[in-house]
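Enquirer:
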Amino acid sequence: MASGSGWGRLPEALLHSILDYMVPIDGRIKFSAVCSQWRRVAWEHCRELRSKHTQQLPLLMVPTPDNSKVRRGLYSATRKTLCRSQLSVPHNKRCCGSSHGWLITVDDSSVVTLFNPFSGKIISFPPLRRLESEKRLVREYAGVVDSSCRKQVMEEFSSSEREEEEDEAEEEINHDYQEDEGEINDIAEEEETEGVPDYMNGADKVSESDYSIWKAVLSVDPDLNPSDYVLMVICGIQKRLAFIRSVDKDWTYISKKSCSTRNIRRPAGNIADIKYSKGMFYALNERGGLLSCDVSGGLKVKMITPNDMSFSFKRKLYLGESSGGDLLRVINVLDEKFRTIEFEVHGLGDGDGCGRAKWKQVESLGDAALFLGDNHSITILASDFHGCQPNSIYFSHNHSEFMAVRDGGVLKLLYLQWAPYDIGVFNLEDGKFARHHVLDPSQRLMPPPIWILPTLM
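Residues in the sequence shown are numbered consecutively from 1, following our numbering.
1) So for residue 235, helix, strand or coil by DSSP?
2) In whole angstroms, give me the CA-to-CA distance for residue 444 and residue 421.
3) Counting only the same chain and skipping the five closest in sequence on each side, list residues whose C-beta sits under 6 Å from that of residue 10.
4) What is the DSSP secondary structure of residue 46, counted as helix, strand or coil?
5) Hey, is the region 63–73 in contact with the region 360–379, meaning 3+ C-beta pairs nearer than 8 Å?
6) Would residue 348 and residue 317 qualify as a contact pair, given that the criterion is a beta-carbon distance under 8 Å?
7) Which of helix, strand or coil does DSSP assign to residue 321?
8) With distance defined between alpha-carbon atoms, name the residue in 126, 290, 57 nearest to residue 359.
9) May I have the straight-line CA-CA distance separating residue 173 from residue 292, to the nearest angstrom?
10) What ranges does the alpha helix (DSSP H) occupy inside the region 336–384, keeping only unbroken runs of at least 4 residues that lie completely in it?
11) Check whether the region 112–120 and the region 81–92 are in contact - that is, three or more C-beta pairs closer than 8 Å.
12) Check whether the Cβ atoms of residue 397 and residue 332 lie closer than 8 Å to each other.
13) Measure the C-alpha to C-alpha separation of residue 98 and residue 452 and round it to an integer number of angstroms.
14) If we count Cβ pairs, one from each stretch, closer than 8 Å, do we get three or more for the region 91–111 versus the region 238–256?
15) Quick one: measure Cβ to Cβ for residue 427 and residue 392, integer angstroms, because I've assumed they're closer than 8 Å.
16) List the DSSP bridge partners of residue 119.
17) In its own chain, which residues sit with a C-beta less than 6 Å from the C-beta of residue 280, not counting the 5 before and 5 after it?
18) Quick one, which of 387, 367, 287 has its alpha-carbon nearest residue 77's?
19) Mind checking who residue 396 pairs with in its DSSP beta bridge?
20) According to the neighbour-count rule (16 or more other Cβ atoms, all chains shown, within 10 Å of its Cβ), is residue 56 buried or exposed?
21) Going straight from the alpha carbon of residue 156 to that of residue 237, what length do you get?
22) Anyone know if the C-beta pair for residue 128 and residue 212 falls short of 8 Å?
23) When burial is assigned at 16 or more other CB atoms within 10 Å of the CB, is residue 70 buried or exposed?
24) Measuring only the C-alpha atoms, how far is residue 328 from residue 361?
25) Could you please give me the residues that DSSP links to residue 285 through a beta bridge?
26) Classify residue 58 as helix, strand or coil using the three-state DSSP reduction.
27) What separation, rounded to the nearest whole angstrom, lies between the Cα atoms of residue 425 and residue 431?
28) Closest to residue 296 by CA distance: which of 304, 124, 368, 278 is it?
29) CB residue 220 to CB residue 232, shorter than 8 Å?
30) Within the same chain, show all residues whose beta-carbon is closer than 6 Å to that of residue 75, passing over the 5 residues directly before and after it, in chain order.
31) To the nearest angstrom, how far is it from the Cα of residue 322 to the Cα of residue 446?
32) DSSP puts residue 303 in a beta bridge; with which residues?
33) Tell me which residues share the same chain as residue 450 and place their Cβ nearer than 7 Å to its Cβ, disregarding the 5 neighbours each side in the sequence.
34) Note the first and the last residue of the continuous beta strand (DSSP E) segment covering residue 106.
35) Counting C-beta neighbours from all protein chains within 10 Å, is the total for residue 247 16 or more, i.e. buried, or is it exposed?
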């Protein structure tokens, strides 16, 4: 309908009043499609609410009934219905995160892109570069399929890397960083090299994989803060951290030198989850240790809690927040088939005598509901949304692993889905599970569902 029609001449105050009472996303999408004026009013109304940090209910992006490669459906976990509206998505890129209503994608050249499926807006970043230590590991790892051999390769690589660190420490007299009680002030040096040595009889190169990012999180919504936001990613085989500010021309890599401390070696590797909270990024590693990353000026990394568990494939770790804004560590416990059987929630307790806090179990989330998965973790007050369970965790997991293989003389890092998607809601009070969305068997090969905050509220 043209903007010059009678609908387009309705008073804007009336349109804003209509939007105030229009909760389901379907209605708002249809509202914005009436004419150009209504679309503008809808976006202004949405922007105003988002700028006030009004809570939004996440929706689950799921495959469409016809398994379209270029569209996704939206599922409401509280209404337990599939929205009629569908969203366009890039089909030739892998989605590696959802944050503030944006999908973070990466292509086969490791180019990272932000895509807003509600507005169609795109923001592109330079490609990530693989560190030289990773290139060595991929060359050693290629073709290793037996788990015991794979473990040996990883152990040997870790040992050789420790030797490199010790050599570097002996050779370097003047360092670019200062260490004070585990705190490091440093812009990390990149460990990359221009060329890759020949491997066997050919000039093989390690390809830049489209599976180089495990997770990505934004500090704030780029629509609301176009010149002052940060994108942090967990990247590479060793699951290390890298970030780029909105004004940066390239990525900053948090290297082993940046995060070496007297008591804990390489805390910035093997990262399980990241979260932005109270003006700072936090990262949780796979052994339960928490570190803070202040990127507001240069780079300041500090260990908050020590590692307090061993690595295990039988769990996934997440960072969340309580309704009061306190950090939470959420442990997703898995069975032998990698299905969720339990959740444990920990909050930060008193220090250990050395200035570092410790995790303590939390028995209840109160009125809060957590939404966890490949998205940045989201906390809402259940009482604000009809049908939302308090003291619960809404989860959408996919379990994956990497495998280095040889393809025409090129070593590639493949990303493998090695367990079914795990979707449901867990109630902390009674320890019971409920399944709020069940995928059709034909959808198991589609990209995994992911929580997203609708920016057209």
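Backbone N, C-alpha and C define an ideal beta-carbon position, used for all residues, glycine too.
Expert: Reading from the atomic positions:
1) strand
2) 7 Å
3) none
4) helix
5) no
6) no
7) strand
8) 290
9) Confidence is the limiting factor: at residue 173 the pLDDT is only 27, short of 50, which leaves the residue's position unreliable, though a coordinate-based value still follows. Their Cα atoms are separated by approximately 27 Å.
10) none
11) yes
12) yes
13) 6 Å
14) no
15) 5 Å
16) None, per the DSSP bridge assignment.
17) 292, 294
18) 387
19) 373, 423
20) buried
21) At residue 156, the pLDDT of 45 sits below 50, so the modelled position is not reliable and the matter cannot be decided from this model.
22) yes
23) exposed
24) 9 Å
25) 271
26) coil
27) 10 Å
28) 278
29) no
30) 60, 62, 82, 437
31) 32 Å
32) 291
33) 61, 95, 98, 373, 374, 375, 396
34) 102–106
35) exposed
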